[in-house]
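J.: Quick note on the numbering used here: the sequence shown kicks off at 287 and runs consecutively.
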Amino acid sequence: MPANLPPQYFEVEKKLKNTNNPEEKIKIMEELLSIIPKHKGTEKLQALYKSKISKLKARSQKKTATARHESLHHIEKSGAGQVVLIGPPNSGKSMLIKSLTNAEPEVADYPFTTHKPYPAMMKYENVQVQLIDTPPITRDYMEAWHTEIIKNADTVLLIIDSTSRDPVEDIMTIQEVLREKKISLVPENDKTDQGKNQFMKKCMIVLNKVEMMNISVIEKQIKEFVEPEFTPFACSAVQNSNLDLLRKKIFKSLNVLRVYSKIPGKKPSYEDPFIFEYGSSLMDMAKAVHKDFAKNLKYARIWGKKKYGGQKVNKEYKLQDGDVIELHI
Ligand SMILES: Nc1nc2c(ncn2[C@@H]2O[C@H](COP(=O)(O)OP(=O)(O)OP(=O)(O)O)[C@@H](O)[C@H]2O)c(=O)[nH]1
Ligand SMILES: [Mg+2]
Numbered sequence: 287m288p289a290n291l292p293p294q295y296f297e298v299e300k301k302l303k304n305t306n307n308p309e310e311k312i313k314i315m316e317e318l319l320s321i322i323p324k325h326k327g328t329e330k331l332q333a334l335y336k337s338k339i340s341k342l343k344a345r346s347q348k349k350t351a352t353a354r355h356e357s358l359h360h361i362e363k364s365g366a367g368q369v370v371l372i373g374p375p376n377s378g379k380s381m382l383i384k385s386l387t388n389a390e391p392e393v394a395d396y397p398f399t400t401h402k403p404y405p406a407m408m409k410y411e412n413v414q415v416q417l418i419d420t421p422p423i424t425r426d427y428m429e430a431w432h433t434e435i436i437k438n439a440d441t442v443l444l445i446i447d448s449t450s451r452d453p454v455e456d457i458m459t460i461q462e463v464l465r466e467k468k469i470s471l472v473p474e475n476d477k478t479d480q481g482k483n484q485f486m487k488k489c490m491i492v493l494n495k496v497e498m499m500n501i502s503v504i505e506k507q508i509k510e511f512v513e514p515e516f517t518p519f520a521c522s523a524v525q526n527s528n529l530d531l532l533r534k535k536i537f538k539s540l541n542v543l544r545v546y547s548k549i550p551g552k553k554p555s556y557e558d559p560f561i562f563e564y565g566s567s568l569m570d571m572a573k574a575v576h577k578d579f580a581k582n583l584k585y586a587r588i589w590g591k592k593k594y595g596g597q598k599v600n601k602e603y604k605l606q607d608g609d610v611i612e613l614h615i
């Protein structure tokens with residue numbers, strides 16, 4: 287149903303683009319709400335302004351308690367790693383969290399459904415990965431705690447609605463907004479060190495709702511206009527398509543390995559692995575088990591891909607994914 291907005295609406299809307307002052311923005315948006323004709327075709331637009339107004343009001347009231355407010359939304363890491371889902375309004379972030387985990391975040395066909403961060407655990411084989419749903423990012427609005435969550439996460443998933451008018455522009459807008467907050471979204475294989483002025487964040491672009499679209503053109507445009515190294519991942523949160531592979535990619539992006547501890551003469555348990563960053567040593571494992579092992583470690587026996595049959599290794603041994611380890615003191 288068409289919105290049939292009167293010319294006066296567009297006049298007032300121009301003023302909105304020219305101000306960054308929250309009080310002024312609220313006034314202009316309230317004026318816009320009074321101009322917008324009230325019918326089915328304008329419901330989304332009305333909801334958008336209402337939500338923006340309430341957020342701006344809440345923000346100005348909380349100005350004095352900013353520090354407390356930010357720490358209130360800090361999410362302690364849990365599991366094998368922390369992955370934050372970001373994106374424009376309505377791209378399916380919450381739906382994807384719902385489909386990847388057992389959580390029940392609110393999903394709805396209007397923008398700004400999600401207002402605060404929502405953590406949920408995703409099972410991948412024998413580990414849990416922490417996913418965080420977040421409110422949408424737009425050119426006009428992003429709270430300080432949202433920036434902190436992105437900086438703190440191990441991986442960013444940028445969820446894009448492949449049926450949107452211009453998915454590539456959606457990506458670029460978010461990149462731009464984040465760059466202003468000193469965050470650069472980089473492909474996973476990017477080797478650039480953390481810059482002085484920019485915080486580099488590993489990012490995977492996820493094209494959602496692909497059951498509705500042929501995405502080959504979008505994929506090409508992303509390589510051409512955004513960054514050739516970005517290989518978007520295609521899925522449908524509603525139809526659960528490609529989600530097993532997405533789980534795997536998310537885990538791989540964390541760049542962690544799993545090892546298993548074994549007591550002499552007993553079989554190892556594969557249910558609860560120790561998780562370490564790639565590059566960690568046997569000493570890191572000993573420290574994680576108990577301080578006595580760290581202090582008195584003599585050697586370990588390994589059953590794995592590079593060392594076999596209980597081969598002896600020393601403290602400097604670099605752990606390999608899947609190693610079964612018997613520590614000896
Ligand atoms: N066709 C289709 N619709 C989807 C898919 N994923 C989500 N949706 C729909 O898209 C709408 C928005 O989904 P949400 O998960 O609420 O989107 P969001 O990105 O969390 O939205 P905000 O919280 O407002 O930023 C809902 O109507 C979903 O049912 C998908 O894979 N295919
Ligand atoms: Mg949401």
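For glycine and all other residues, C-beta sits at the position ideal for the given N, C-alpha and C.
Give me, in chain order, the residues of the same chain whose beta-carbon lies closer than 7 Å to that of C521; leave out the 5 immediate sequence neighbours on both sides.
T.: As a position in the sequence shown, residue 521 is number 235, starting the count at 1. The answer, listed in chain order, is V492, N494, V496, S527, N528, L529 and L532.
J.: Kindly examine ligand 2 and report whether one of its heavy atoms sits closer than 7 Å to the Cβ of D395.
T.: By 1-based counting over the sequence shown, the position of residue 395 is 109. No, Cβ of D395 sits at least 7 Å from all heavy atoms of ligand 2.
J.: Assign M381 to buried or exposed, taking buried as 16 or more other Cβ atoms, counted over all protein chains shown, within 10 Å of its Cβ.
T.: In the sequence shown, the residue the question calls residue 381 occupies position 95. It counts as buried.
J.: Exposed or buried, which one is R425 when buried takes at least 16 other CB atoms within 10 Å?
T.: Along the sequence shown, one-based indexing puts residue 425 at 139. Exposed, by the Cβ-count rule.
J.: Under DSSP, the alpha helix (DSSP H) around L464 begins and ends at which residues?
T.: What you label residue 464 is simply residue 178 of the sequence shown in a count that begins at 1. Looking at the DSSP string, the run of the alpha helix (DSSP H) that includes L464 is P453 to E466.
J.: Are M458 and V415 touching if we call contact CB-CB under 8 Å?
T.: Sequence index remark: in the sequence shown, residue 458 carries index 172 (1-based). Sequence index remark: in the sequence shown, residue 415 carries index 129 (1-based). Not in contact: M458 and V415 (Cβ atoms no closer than 8 Å).
J.: Three-state secondary structure (DSSP) at S450?
T.: Counted from its first residue, the sequence shown places residue 450 at position 164. In the structure shown, S450 sits in coil (DSSP, three-state: anything other than H, G, I, E or B).
J.: Determine the DSSP secondary structure at N306, reduced to helix, strand or coil.
T.: Along the sequence shown, read from residue 1 onward, the residue named residue 306 stands at position 20. Three-state DSSP puts N306 in coil, outside helix and strand.
J.: With contact counted as at least three CB pairs below 8 Å, one residue from each stretch, are the segment 364 to 380 and the segment 303 to 312 in contact?
T.: No: fewer than three Cβ pairs fall under 8 Å.
J.: Bridge partners for A430 per DSSP, in chain order?
T.: In the sequence shown, counting from the first residue as 1, residue 430 sits at position 144. In the DSSP output, where bridge partners are listed per residue, A430 has none listed.
J.: Ignore the nearest five residues each way along the sequence and tell me which others in P288's own chain have a CB closer than 7 Å to its CB.
T.: On the sequence shown, position 2 is the one that residue 288 refers to. So the list reads G327, once near-sequence residues are dropped.
J.: Kindly provide the ranges of any beta strand (DSSP E) runs that are 3 or more residues long and lie completely inside the segment 312 to 394, ordered along the chain.
T.: Counting whole runs of 3 or more residues, the segment 312 to 394 contains the beta strand (DSSP E) stretches 368 to 372.
J.: When DSSP labels each residue in this structure, what does D419 get in the three-state scheme?
T.: By one-based count along the sequence shown, residue 419 stands at place 133. Three-state DSSP puts D419 in a strand.
J.: Considering only heavy atoms of ligand 1, does any lie closer than 7 Å to the CB of N304?
T.: Here residue 304 is taken as the residue at index 18 of the sequence shown, counted from 1. N304: no, Cβ never under 7 Å from ligand 1.
J.: Would you mind stating whether I661 and I418 have Cβ atoms separated by less than 8 Å?
T.: The structure shown has nothing for residue 661, since the chain only spans 287 to 615.
J.: For A430, is the beta carbon positioned less than 7 Å from some heavy atom of ligand 1?
T.: Position 144 of the sequence shown, counting from 1, holds the residue named residue 430. Checking the Cβ of A430 against ligand 1 gives no.
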